[in-house]
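If you read the sequences in order, they're chains A and B. Going by my numbering, the first residue of the first sequence is number 1, and it counts up by one from there. Going by my numbering, the first residue of the second sequence is number 1001, and it counts up by one from there. Ideal Cβ positions, reconstructed from N, Cα and C, are used throughout, including at glycine. Have a look at the structure below, then the notes.
Number of protein chains: 2
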Amino acid sequence: MIILKRNIVFLLIIIIVLGIFIATSIEIKNYKLSLNQNKNEISKNPPIWPAPFYGQFGNNSILISKEFNFTIISDSTLLLNKTLSKYYNLIFTQDNLINSSSNTLNKLNINLKSKNEILKFGFDESYKLIIKNNENSKLEGNTVYGIMRGLETFYQLIKYNFSDNSYFIENCLPLIINDKPRFPHRGVMLDTSRHFYSVDTILKVIESLSYNKFNTLHWHIIDSQSFPLSSKSYPNLINGAWSKSEIYSYHDIKRIIKYGKENGIRIQLEIDMPGHAKSWSVGYPDLLPHGWNDSTTTIKCPDYDVPLDPSSPLSLPISFGLLSEFSGTDYGYNPNYDDKSNNLFNLTVDDLFHVGGDEIEYQCWNNSKRIKDWMNENNLKTFQDVAKQFQLKIIKQLLKIGKIPVLWEDTFQLFYKDLPKDVIVEIYHDQSTAINATNNGYKIISSIARYWYLEYSYSNWIRAYNFEPTLNISKSNIHLVLGGEGAIWSESIDSSNLFQKLYPTSSAIAERLWSPIYYTNLLNAKSRLQSFRCSLLKRGINSAPLNNSSPLSAFSCYNS
Amino acid sequence: MIILKRNIVFLLIIIIVLGIFIATSIEIKNYKLSLNQNKNEISKNPPIWPAPFYGQFGNNSILISKEFNFTIISDSTLLLNKTLSKYYNLIFTQDNLINSSSNTLNKLNINLKSKNEILKFGFDESYKLIIKNNENSKLEGNTVYGIMRGLETFYQLIKYNFSDNSYFIENCLPLIINDKPRFPHRGVMLDTSRHFYSVDTILKVIESLSYNKFNTLHWHIIDSQSFPLSSKSYPNLINGAWSKSEIYSYHDIKRIIKYGKENGIRIQLEIDMPGHAKSWSVGYPDLLPHGWNDSTTTIKCPDYDVPLDPSSPLSLPISFGLLSEFSGTDYGYNPNYDDKSNNLFNLTVDDLFHVGGDEIEYQCWNNSKRIKDWMNENNLKTFQDVAKQFQLKIIKQLLKIGKIPVLWEDTFQLFYKDLPKDVIVEIYHDQSTAINATNNGYKIISSIARYWYLEYSYSNWIRAYNFEPTLNISKSNIHLVLGGEGAIWSESIDSSNLFQKLYPTSSAIAERLWSPIYYTNLLNAKSRLQSFRCSLLKRGINSAPLNNSSPLSAFSCYNS
């Protein structure tokens, strides 16, 4: 009887696995079929970047009439209207002389299935785009963010003829695109401490992320070099800004989060602690370990990596205060800060909150009698224990106020046996840590320096494109890979070279993270990426040529 | 009696000259005095870039109340309202918590003296800005363009305090600025043939020129590599564009001219001829000399410098057609083009029209029997005679349709004895040609390559700043120096590195051309330029650091 039951269970498992396998195979086969139907090669498909999950394309073309509009056939929202209007203005910048007829495309039906606009980890970005003829063309999304992604695809399909002043879609109709991202977390990290970026520049970055179908801006807002974040609970912190004008106000942060929402981009804040804290001390000198910059000691503390001193009576209050303030909760630690009406974010702030944890230079604590006394009192034996205790407090506080903590891999390396499983680990050194962390049940975000850091002279789109974040991760753990990020560490980057460092390398990461793995290869990526780059340039996003440097000689953007 | 009369005339001349000298001296002295009053050094003055013609500054500060507005005390115009609204939004991007009182600045009176909005060479950009207290602060301009320049100065005076959410003007009140440009022609040349720049990018360039108090965009629109200009009279010319989407439509050009007007920037078109014409021939192959690319001949024609063939029956009709079409006249040479309703520019196009004339490679004509036969028929002995005859026809046609021809110095070198004096010569090789041209009575624009071309690796702001366009020009000819231009030749420049090549070098040129010569020295330029660069970055104009390259390490924009 037991054996029979076991056999039935076994049979069921086999059936389920086979079913999944067949379904997946059909999906893959369908896709591949559609790519090759009528002897069309991949290169004959319209150059959509990142490539969609599923696409089926015919050979017909259609003119778009001057009466063309988006026709909402579902309930509408303010954000949906704003999005449609934005893309209408992006697409139709020229005169259109084509009168509507039964042979022209006069409308695209828009079907928004849910009015839920909450932007949080895993939000729905899927969409379905069908273009056949005038009556049967539609764009469907579960959320307005799916509609945004679909409109970006629609934008990329439309061309303009300067000779007869007409818009058209060429050689790909009827068209069915069923699209959704491969990974839920796809972003770029921007460091605004080493150089300050104006709000206008950050908004332009957000806009550009949306064109790439990214969904997250990881904002590494402060670091050792400057503290540009204006805090109401600890107003002296901005004394650590580069200058009196290189600062982000509440008003600025609200604009950035609002613009993120309008572009389907989560704004994930990082307040890096306890390392990289020199800038904190300009306003509150007691935050740093005593004697850290004593020039007479043999063990030197690196100037820009000095960490907070966990034994300082200010360290926890200020750290907790910042977490509360910038996650929009009312757990404020500062008794002077009880103006709830000025609560910054409410529901708009992301559910992931990054607290750094990288590169804690323990030797900086070595000169401080205060720390050593405090270690004795608290029964902490090593500086590693000090770091661990501090970080655990931060993590627990974040969990208490309802946020999911994200930390750089150093934290995992330091004490993964005691690290809560809710923590998401961001990998930047090596894939081996990704394997190790997932084997230990941690969710990870991939941002491995030699592939996805964007500031190096050797960074380029092919290198970035070829890195697969699930590499050597066991199949049962692949669901723990949440996605990845390109990173703009800004020692050698400021506004003047930001976009040429961001793109096209980040665009390659965008496709790696959005498109099916069997599509993400170099087969026809280059020409599609060149086309996509042209579409970025057209919209004022100043991507470098594919050589990742400056232009070598006169060329079309389609060959650069 | 005759001697007496002569003496009286002589005396009068002496009195007038003395009068001018004394007046100028007083003006200079006043300015210098104001710079040193109360032992204030130049560096204590507010960091306005480019420095104003006359400024007088006190030591007081003032808060700007949240009720602040621009109050028009004269007649108004749509453009004036749009300009005030633009600067209001540029300045007031943050919360302002300051209530109005008798001690705050609550308004700036705006006095527009003339509604004349015609943008042409020499238009009035002067303004007077007085800020004392709430009742006696005003900005006065003869034209709306003077108001624009004054608002830019006002913008640069205002700071924000992130600690108490207030706007203020610091340590310089009462303030009187009497400002006007030193030269009437101050611009940047943009080459859109070697790389195509999107309309959005060109609009951003125009916006940036206005912040620099430039007044001209010299648009080198076509060249050998591509022909992005969509012509209704000769529609096949756009076959020479890089691609079917790297083209400027009428609609685009109108947007660019309209935006120029909104920023006080003349859009001066250049249609370079007869050299650099390879791209013309894609649509009209017969325009080029027969046999130009014959590989068997010993004298080679450089691929990208092949000129038009003046003996082609198409050369003059197409050249004249383009001049007519793009200067908005109705002297169209193409009988098929008589749609006057589609006239492009009407009054909005600039009165200066550039027709190139540089680098005509005569040897490219050497293989063509057609040219040689035609030379015999027309009694032309040398290829130089061919070029001269063609250019004279172009110049006369331009004068006939009411435009002032501008040509590169090659034309002056080729036949200055027969060149009409109406022609403006743009100098790019050497100051000696500037001296020679002015000695021969020609007006010049200075754009000498080794100082004011912006694409070289050695280009930098100090080099550009130190070049004085009137150098060694005799005093009696200085009025013939109309101004100058920084030049973006785009073989190695595209949208991705455009702004870091444009700025800060062009900003240095902007001050050289706007500010009094006795002020234009390196004394306090660096810190003012750094401040100005910060103000550009804030507005999304991504100037390189002052090293003209990428950032060397983490820094404030005020030290970069």
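Chain B within 8 Å of residue i, Cβ atoms only
i	result
ILE247 of chain A	yes
PHE499 of chain A	yes
SER459 of chain A	no
PRO302 of chain A	no
ILE48 of chain A	no
PRO545 of chain A	yes
ASP305 of chain A	no
ASN336 of chain A	Reliability of the predicted coordinates at ASN336 of chain A is poor, the pLDDT of 45 falling under 50, and no value is obtained from them.
TYR94 of chain A	Before going on, a small fix: residue 94 of chain A reads as Gln here, not Tyr. GLN94 of chain A counts as touching chain B.
SER43 of chain A	At SER43 of chain A the pLDDT is 47, less than 50, meaning the model places this residue with poor confidence; the figure from the coordinates comes in the next sentence. No - not a single Cβ of chain B is within 8 Å of the one on SER43 of chain A.
SER101 of chain A	no
ASP339 of chain A	Summary for ASP339 of chain A: the model assigns pLDDT 47, below 50, so the residue's position carries little reliability, and this model does not support an answer.
Interface partners of residue i on chain A, CB under 8 Å
i	result
THR1201 of chain B	LEU537, GLY540, ASN542
SER1065 of chain B	The contacting residues do not exist; SER1065 of chain B stays about 17 Å from chain A at best.
8 Å Cβ cutoff, residue i in contact with chain A
i	result
LYS1159 of chain B	yes
TYR1558 of chain B	yes
PRO1235 of chain B	yes
ARG1528 of chain B	no
ASN1342 of chain B	Unreliable placement is indicated for ASN1342 of chain B, whose pLDDT of 49 sits below 50; the coordinate value is still reported in the next sentence. Chain A contact via Cβ: absent.
TRP1242 of chain B	yes
CYS1172 of chain B	no
ILE1238 of chain B	yes
PHE1168 of chain B	no
SER1198 of chain B	yes
PHE1162 of chain B	yes
Proximity below 8 Å, CB of residue i to CB of residue j
i	j	result
SER492 of chain A	PRO1551 of chain B	yes
SER948 of chain B	ILE1427 of chain B	Nothing can be reported for residue 948 of chain B, as the shown portion of chain B is limited to 1001 through 1560.
PHE57 of chain A	PRO46 of chain A	yes
PHE1353 of chain B	VAL1406 of chain B	yes
LYS538 of chain A	SER1198 of chain B	yes
ARG1512 of chain B	THR1520 of chain B	yes
ILE1062 of chain B	LEU1112 of chain B	no
LEU139 of chain A	THR83 of chain A	no
ILE982 of chain B	PHE162 of chain A	With chain B covering only 1001 through 1560, there is no way to say anything about residue 982 of chain B.
SER1464 of chain B	PHE1214 of chain B	Note on residue identity: the sequence assigns Ala, not Ser, to residue 1464 of chain B. Against a cut-off of 8 Å, the Cβ pair of PHE1214 of chain B and ALA1464 of chain B comes out as no contact.
GLU269 of chain A	ILE299 of chain A	Reading off the sequence shown, one finds Leu at residue 269 of chain A, where the question assumed Glu. Not in contact: LEU269 of chain A and ILE299 of chain A (Cβ atoms no closer than 8 Å).
ILE424 of chain A	ALA387 of chain A	no
Within chain B, the residues that residue i reaches when beta carbons sit closer than 8 Å
i	result
SER492 of chain A	SER1550, PRO1551, LEU1552, SER1553
GLN225 of chain A	ALA1554
Partner residues on chain A for residue i, Cβ-Cβ distance less than 9 Å
i	result
TRP1219 of chain B	Within 9 Å Cβ-Cβ: nothing; TRP1219 of chain B doesn't reach chain A, min ~17 Å.
ILE1318 of chain B	Residues of chain A passing the Cβ test: none, with the nearest at roughly 17 Å.
SER1231 of chain B	Ordered by position in chain A, no residue passes the 9 Å Cβ test against SER1231 of chain B, which lies about 11 Å from the chain.
HIS1251 of chain B	THR93, GLN94, ASP95, ASN165
Residue i: contacting residues in chain A (beta-carbon distance under 7 Å)
i	result
LYS1204 of chain B	GLY540
PHE1412 of chain B	Chain A residues near PHE1412 of chain B: none, gap ~27 Å exceeds 7 Å.
HIS1276 of chain B	The premise fails here: HIS1276 of chain B is roughly 12 Å from chain A at the closest Cβ pair, so nothing lies under 7 Å.
SER1085 of chain B	Going along chain A, no residue has its Cβ under 7 Å from SER1085 of chain B, so there is no contact; the nearest lies around 17 Å.
Where residue i meets chain B, residues with beta-carbon distance less than 9 Å
i	result
CYS364 of chain A	In chain order: nothing, as chain B lies at least about 19 Å away.
HIS195 of chain A	PRO1551, ALA1554, PHE1555, SER1556, CYS1557, SER1560
CB contact check: residue i to chain E, cutoff 8 Å
i	result
HIS1429 of chain B	Looking at the structure shown, chain E is missing, and the protein chains on hand are A and B.
Interface partners of residue i on chain B, CB under 7 Å
i	result
SER495 of chain A	LEU1537, ASN1542
Quiz item: So, do the stretch 171-179 of chain A and the stretch 84-94 of chain A have three or more beta carbon pairs nearer to each other than 8 Å?
Solution: no
Quiz item: Along the chain, which unbroken stretches of the alpha helix (DSSP H) at least 4 residues long are found entirely within the stretch 1447-1535 of chain B?
Solution: 1449-1452, 1461-1466, 1498-1502, 1505-1514, all fully within the stretch 1447-1535 of chain B.
Practice problem: Only counting runs of 3 or more residues, tell me where the beta strand (DSSP E) segments fall wholly within the stretch 1139-1176 of chain B, in order along the chain. | Solution: Correct list: 1158-1161.
Practice problem: Spell out a yes or no on whether the stretch 132-152 of chain A and the stretch 263-272 of chain A are touching, meaning 3 or more CB-CB pairs, one atom from each, closer than 8 Å. | Solution: These segments touch.
Quiz item: For the 8 Å Cβ check, are there 3 or more pairs between the stretch 545-560 of chain A and the stretch 1236-1243 of chain B?
Solution: When C-beta atoms of the stretch 545-560 of chain A are compared with those of the stretch 1236-1243 of chain B, three or more pairs fall below 8 Å, so the two segments count as touching.
Quiz item: Quick check: the stretch 289-302 of chain A against the stretch 354-368 of chain A, are there 3 or more CB pairs under 8 Å?
Solution: yes
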